[in-house]
Each structure stands twice: as structure tokens, then as C-alpha cells.
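Take the numbering used here: the last position of the sequence shown gets the number 97, and nothing is skipped along the way. For glycine and all other residues, C-beta sits at the position ideal for the given N, C-alpha and C. Here the structure is a predicted model, which means the values were calculated and not measured.
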Amino acid sequence: MFRMWGKLWKDNHLLKDTVICISDYSLSRTQMVFQSLEEICYQFDLGQPIWLDANIREFQRHDKTRFSQDSFVEEIDFDYLELQVIEE
């Protein structure tokens with residue numbers, strides 16, 4: 010089962026978190042990541058962040074990345090959204 014943990018942080022405090030589980034292995038890993046991100050943003054009532062080059066590199070190396078204000082079109086009321094793959 011693929012599981013991704015989404016967390017909203019502000020001033021080094023965890024505001025919200027959720028874990029998305031996907032068991033459909035007919036999807037590629039990339040599709041699972043994007044589907045998980047979409048579900049996390051839906052649960053947190055956020056617009057989809059833009060994957061910058063730094064986010065892509067960090068996610069490829071560590072299975073973890075942070076989306077700050079630079080990745081969002083609208084204003085956000087938190088410091089960053091953190092994504093982390095916790096199980097594949």
C-alpha cells in the first residue's frame with residue numbers, strides 16, 4: 010500500500026495532518042503521488058501547489074518535500090505544506 014503524509018506547518022507547529030492510502034497498484038508511482046497530493050489539498054481546502062525544480066529534486070532524493078508560498082498561486086495562512094511518503 011502506498012501512503013503519503015501531508016502536514017501543514019506554521020511557526021514550527023503542526024496545524025493539520027492527514028495520511029492518504031492508495032492500494033491501486035495499476036497506477037504508476039508518479040500517479041499515486043499526484044493523486045495523494047490532490048486528496049491532501051482537497052482535505053485541507055487548498056489549491057494545488059506548483060512543483061518547482063527544488064521540490065522535484067528534494068522529493069526524488071528523500072521522498073519528502075515542502076511547498077511554501079512560492080508554490081501556491083493564492084495566499085496561504087501557514088508556512089509550508091510538507092509531503093512525505095511513509096510506505097510503498
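Opposite residue 15 in the DSSP bridges: which residues? Looking at the DSSP assignment, residue 15 forms a beta bridge with 27 and 92.
Taking the beta strand (DSSP E) that residue 76 falls in, what are its first and last residues? Element bounds for residue 76: 73-76.
Quick one: measure Cβ to Cβ for residue 64 and residue 76, integer angstroms, because I've assumed they're closer than 8 angstroms. Indeed, because the Cβ distance is near 7 angstroms, the residues count as touching under 8 angstroms.
Close beta carbons around residue 41, own chain, < 6 angstroms, minus the five adjacent residues each side: Once the five neighbours on either side are set aside, the close Cβ partners of residue 41 are 11 and 31.
Below 6 angstroms CB to CB, which residues in the same chain sit around residue 15 once its five sequence neighbours on both sides are set aside? Closer than 6 angstroms at the Cβ level, and outside the excluded window around residue 15, lie 27, 49 and 92.
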